[in-house]
Amino acid sequence: MTAEIIDGKAFAAGVRARVAARVAALRDGEGIVPGLAVVLVGDDPASQVYVRNKRKQTVEAGMRSEEIRLGAGTAESEVLEHVARLNADPTIHGILVQLPLPPQIDTPRVLAAIDPAKDVDGFHVTNVGRLATGQPAMVPCTPLGCLMLLRDRLGNLAGREAVVVGRSNIVGKPMAQLLLGENCTVTVAHSKTRDLAEVCRRAEILVAAVGRPRLVRGDWIRPGATVIDVGINRIEENGATRLVGDVDFDAAVQVAGAITPVPGGVGPMTIACLLANTLTACCRLHGLPEAAELTAAL
Ligand code: NAP
């Protein structure tokens with residue numbers, strides 16, 4: 003028996019189509035166009051690609067896209083001025099500062115300057131605290147996408163044994179909070195975890211967000227488990243560059259019940275959830291009902 007392959011690419015296309023339909027209805031019915039601003043500082047090549055994709059998909063969803071590109075040597079005060087202007091701009095509903103920022107800029111200070119209502123990345127401490135205390139929050143896009151895939155495959159997650167490998171602020175910790183919110187029994191593993199293989203074998207839901215190519219072996223996986231592989235690792239293999247996840251896919255697919263591939267699993271969900279978050283922020287800022295067709299997946 004081989005695992006079902008969870009098609010994140012197709013699922014993300016569905017989310018984007020639902021966002022686009024609601025955006026069209028908002029424009030036609032209320033005269034409101036959701037706007038997303040992305041601030042990019044410096045010339046990190048991976049960030050350039052992400053920002054280009056975000057812009058393309060924002061426009062395709064019918065939203066307004068504003069891009070602020072600043073040189074690598076930009077002073078923190080200038081970045082903060084842009085954030086303040088975007089906070090005050092009523093045509094902008096989502097603000098995303100692309101990370102990583104150059105070393106002269108204090109990242110927590112910049113994230114703290116974003117209006118929490120427009121914080122579509124969900125990294126502001128107010129949103130982190132809201133998520134942790136079960137209040138309506140802007141939820142970080144990658145874990146939100148993972149949860150949508152899990153809910154789609156498994157339905158009610160209550161009581162399930164979930165293991166999250168990785169405890170970063172952008173993936174591991176919010177993922178654990180979301181799964182706790184779904185009433186899973188959650189274990190968070192990290193680089194100091196003893197006997198990681200044994201911890202992983204407990205998991206009915208295993209989320210790997212580590213950044214180590216194929217760290218999770220096939221025999222670490224509980225038979226029938228649902229495996230969500232967040233990792234995006236570029237490796238050289240047989241003279242070619244390829245992308246692999248944090249899970250040894252070829253081995254895991256023989257054991258798991260379902261698994262996300264890399265690429266084509268979690269990756270496409272991240273931008274789809276960014277668009278969904280921008281739409282949600284727009285509805286909240288205008289006091290309109292939230293797009294139930296998006297949150298219905300949750
Ligand atoms: P990160 O900030 O580097 O965090 C990695 C986490 O993994 C840390 O908590 C670290 O533990 C843990 N870890 C490292 N080595 C380990 C080991 N040998 N055993 C157990 N735990 C270990 O990474 P991240 O930003 O969360 O990203 C994780 C992966 O997801 C990366 O491959 C990244 O490219 C990918 N990613 C994908 C998307 C997407 O859209 N699909 C979005 C974001 C990230 P300590 O805390 O103890 O150091």
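Everything in the sequence shown is counted per the numbering used here, starting at 3 for the first residue and increasing by one. Ideal placement from N, C-alpha and C gives every residue a C-beta, glycine not left out.
_Which runs of the alpha helix (DSSP H) at least 4 residues long sit entirely within the stretch 124-153? Give them in chain order._
127-134
*What is the DSSP secondary structure of A260, counted as helix, strand or coil?*
strand
*asked:* Which runs of the alpha helix (DSSP H) at least 4 residues long sit entirely within the stretch 238-292? Give them in chain order.
replied: 251-254, 269-287
*asked:* Helix, strand or coil, according to DSSP, for A14 in the structure here?
replied: helix
*So L245 and V264 are in contact, right, with Cβ under 8 Å, and what is the actual spacing, rounded?*
6 Å
*By how many angstroms is the C-alpha of G183 removed from the C-alpha of I172?*
17 Å
*Closer than 7 Å: is that where the CB of R196 sits relative to any heavy atom of the ligand NAP?*
no
*asked:* Less than 8 Å between the beta carbons of M271 and G147, yes or no?
replied: yes
*Say whether the stretch 126-139 touches the stretch 97-107, bearing in mind that this needs 3 or more beta-carbon pairs closer than 8 Å, one atom from each stretch.*
no
*Close Cβ partners of L300 (< 7 Å) along its chain, the five nearest in sequence each way excluded*: For L300, the pLDDT reaches just 48, beneath the cut-off of 50, and the residue's location in the model is therefore unreliable, leaving the point undetermined.
*Determine the contact status of G174 and V166, defining contact as a CB-CB distance below 8 Å.*
yes
_Does A298 pass the burial test, meaning 16 or more other C-beta atoms within 10 Å, or should it be called exposed?_
Below a pLDDT of 50, predicted positions are generally treated as unreliable, and A298, at 49, falls in that range; no measurement from the model is reported.
*Return the first residue and the last residue of the beta strand (DSSP E) that A86 is part of.*
Note, A86: premise wrong, no beta strand (DSSP E); alpha helix (DSSP H) at 78-90.
_heavy atom of the ligand NAP below 7 Å from A160 C-beta_ = no
_Three or more C-beta pairs below 8 Å linking the stretch 233-248 and the stretch 195-211_ = yes
*With a CB to CB cut of under 8 Å and the five nearest residues on each side skipped, what residues in its chain are close to P215?*
G233, N235, I237, V246, G247, D248
*asked:* Excluding the 5 residues flanking T60 on each side, which residues of the same chain have their C-beta closer than 6 Å to its C-beta?
replied: L38, S67
_Distance, E292 Cα to R286 Cα_ = 7 Å
*Who are the near neighbours of P225 in its chain, counting only those whose CB is closer than 6 Å to its CB and skipping five residues on each side?*
V257
_Between which two residues does the beta strand (DSSP E) holding V209 run?_
207-210
*Simplified DSSP assignment, three categories, for E163*: strand
_Proximity to Q100 [Cα-Cα], best of D252, A283, D197, E69_ = E69
*Status (buried if at least 16 other CB within 10 Å, exposed otherwise) for K58*: exposed
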